[in-house]
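**Q**
In our numbering, the protein residues as written are 5 to 276.
(1) For residue 177 and residue 65, I'd like the C-alpha separation in whole angstroms.
(2) Measuring only the C-alpha atoms, how far is residue 106 from residue 115?
(3) Which residue comes first and which comes last in the alpha helix (DSSP H) that contains residue 204?
(4) What is the DSSP secondary structure of residue 13, counted as helix, strand or coil?
(5) Please specify which runs of the beta strand (DSSP E), each continuous and at least 3 residues long, are wholly inside the segment 41 to 97, giving them in chain order.
(6) Is residue 10 buried or exposed, if buried means 16 or more other CB atoms sit within 10 Å of its CB?
(7) Ignoring anything shorter than 3 residues or poking outside the segment 167 to 234, list the beta strand (DSSP E) runs there in chain order.
(8) So the beta strand (DSSP E) residue 108 belongs to, where does it begin and stop?
(9) From 111, 98 and 40, pick the residue whose C-alpha is nearest to that of residue 80; which is it?
(10) For residue 113 and residue 59, I'd like the C-alpha separation in whole angstroms.
(11) Classify residue 254: buried if its beta carbon has 16 or more other beta carbons within 10 angstroms, exposed otherwise.
(12) Go ahead and pull the three-state DSSP assignment for residue 20.
(13) With residue 269 as the anchor, note down where its beta strand (DSSP E) starts and where it stops.
(14) Quick one: Cα of residue 145 to Cα of residue 247, how far?
(15) Name, in chain order, the residues that DSSP records as bridge partners for residue 238.
(16) Look up residue 115 in the DSSP assignment and say whether it is helix, strand or coil.
(17) Taking DSSP as the reference, what is the three-state secondary structure of residue 154?
(18) Rounding to the nearest angstrom, what Cα-Cα distance links residue 93 and residue 23 in this structure?
(19) How many Å lie between residue 203 and residue 276 at the Cα?
(20) What residues match up with residue 126 in a beta bridge as DSSP calls it?
(21) Inspect the beta-carbon positions of residue 172 and residue 137 and report whether they are closer than 8 Å.
(22) Under 8 Å between the Cβ atoms of residue 223 and residue 212?
(23) Figure out for me which residue from 27, 111, 26 and 242 has the closest Cα to the Cα of residue 179.
(24) Can you look up residue 7 in the DSSP assignment and give me helix, strand or coil?
(25) Quick check: the Cα distance between residue 274 and residue 35, rounded to an integer number of angstroms?
(26) Comparing alpha-carbon positions, which option in 70, 87, 109 and 206 lies nearest residue 151?
(27) Let me confirm a value: residue 44 is counted as buried when at least 16 other C-beta atoms fall within 10 Å, else exposed. Which label applies?
(28) To the nearest angstrom, report how far apart residue 263 and residue 111 are at their CA atoms.
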């Protein structure tokens, strides 16, 4: 099995883990977690330089989960990489658990930035990347955004600022699943030519299949070769892997009942 095939399988296994987590918690964001599975797998398995046993290592690469509602997939990824005991995963959203509904830096080592309100991750990532440049550090910063949160104007202010300062080691990934909390992107706030809009701010854009690990590996390699900031638009499907969840805004944060859990589990395990 090749490296990309192993990552493909790992992403699918994490969907199963997230399904179990959200079902046990009685809440949690499944659709946006499933759409980001391969993206997070490639980042943590192939792209980023990290030390799970030393989460505050100064030279580590930084990851900002701007779409913080995808926290279950982040937690599943971190547990698989050894940041904490996987047994903690089933405490998601419980009182006293470090695994909050949105990531919390103060509760879970390995989380760089807390989230909750959407739209500020690009600004935070810009600050981290500029700090690296100013301090002569070589670490890289990666920001994962949802296309729904691009409704927030702060993202576009960040794009203007990124074009001005052009930090060397910043990559922004957009999880382009075309669906947000209360409808499709086209219904709520059309993005139309998203690539053209971002390029109009002077940024370089790379397109890829966000559910194909080989395509993602190639996209990150292209981004690494760019002298400056790159934006990767990863085409994905909300709720990927479960037929009745795919492309459905209802599964942005819908609780998973017993019947849905069992049916989804059959589909996900059958695809391994």
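Built from N, CA and C at the ideal position, the CB exists for glycine as well.
It should be emphasised that the depicted structure is a prediction, and the values quoted were computed from it without experimental measurement.
**A** Well, looking at it:
(1) 15 Å
(2) The straight-line gap from Cα to Cα measures roughly 10 Å.
(3) 198 to 204
(4) helix
(5) 66 to 69
(6) exposed
(7) 174 to 180 and 208 to 213
(8) No beta strand (DSSP E) holds residue 108; DSSP gives it neither H nor E.
(9) 40
(10) Using only the alpha carbons, I get a separation of about 6 Å.
(11) exposed
(12) Reduced to three states, the DSSP call for residue 20 is helix.
(13) Element bounds for residue 269: not the beta strand (DSSP E) but the alpha helix (DSSP H), 262 to 274.
(14) 34 Å
(15) 179 and 212
(16) DSSP, reduced to helix, strand and coil, places residue 115 outside both helices and strands of the structure shown, so it counts as coil.
(17) helix
(18) The straight-line gap from Cα to Cα measures roughly 11 Å.
(19) 38 Å
(20) Its beta-bridge partners do not exist; DSSP assigns none.
(21) Taking 8 Å as the Cβ cut-off, residue 172 and residue 137 qualify as a contacting pair.
(22) yes
(23) Sorting 27, 111, 26 and 242 by C-alpha distance to the C-alpha of residue 179 places 242 at the top.
(24) helix
(25) 19 Å
(26) 70
(27) buried
(28) 33 Å
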